[in-house]
Amino acid sequence: MAPNESAAAVFLDRDGTLMREVNYCADPRAVEIFPGVPEALQRLRAKGYRLIVISNQAGIGRGYFTEAQYRLVEAEVARAVLPATFDAVYFCADRPDLATDRRKPAPGMVLEAQRDHDLDLARCFFIGDKAIDIECGRNAGVRTILVRTGYGARESHAAPNWMAEDLSAAAEIILGLHE
Ligand SMILES: [Mg+2]
């Protein structure tokens with residue numbers, strides 16, 4: 012990256028994309044990272060991408076679990092993807108019925124990350140398993156990849172830029188654009 016050039020990032024949904032979908036995961040012991048995820052993240056990082064998690068966590072707003080419990084899960088996800096590391100994790104605790112401009116599909120968290128990390132959104136990607144991830148990416152002006160893990164197999168109506176079997180395949184799509 013040339014000096015003064017804005018960075019590029021891959022925005023990552025968490026549940027159903029990095030790890031097996033667990034309904035309202037509140038227990039670090041329930042974290043199960045998909046095979047190949049740490050390696051795929053490492054490859055993206057080696058290409059210069061910032062890795063930024065963008066996650067709706069309405070379970071907090073609904074009172075199903077506390078932010079402290081969420082933080083334990085977040086820490087376990089970070090541990091489980093080692094040696095890959097995230098540059099940042101953004102989450103939104105809003106209940107869907109009280110959603111602000113942060114809860115996906117709104118682009119608020121992505122735009123926050125853009126400001127915090129001086130990102131060039133035209134060179135960024137959003138990888139997720141739900142239509143709201145694809146809509147969030149589109150709303151923020153970034154290219155999108157729908158993975159078939161999690162809910163992804165039934166979300167193809169979301170019209171992503173690409174579809175991929177899983178996060179590893181999504182990373183290959185991004186890396187392939189550099190060849
Ligand atoms: Mg998801």
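All residue numbers for the sequence shown refer to the working numbering, where the first residue is 12 and numbers rise by one. Glycine included, every Cβ here is placed at the ideal spot set by N, Cα and C.
Shown here, tyrosine 101 sits in a strand according to DSSP, grouped into three states. Across the set Asn150, Gly70, Ala104 and Ala110, the C-alpha of Asn150 shows the shortest separation from the C-alpha of leucine 122. The criterion of a C-beta distance shorter than 8 Å is satisfied by isoleucine 65 and methionine 120.
Out of His189, Leu29 and Leu188, the CA that lies nearest to the CA of alanine 91 is found in Leu29. Here threonine 77 is exposed: its Cβ has fewer than 16 other Cβ atoms, across all protein chains shown, within 10 Å. Taking non-hydrogen atoms of ligand 1 into account, the C-beta of threonine 155 is found less than 7 Å away from none of them.
DSSP lists no beta-bridge partner residue for arginine 159. Membership of glycine 139 in the beta strand (DSSP E) is indicated by the continuous run 136-139. If you compare the alpha carbons of Ala104, Asp108 and Tyr162 with that of glutamate 32, the shortest gap goes to Tyr162. A heavy atom of ligand 1 is found nearer than 7 Å to the CB of aspartate 26.
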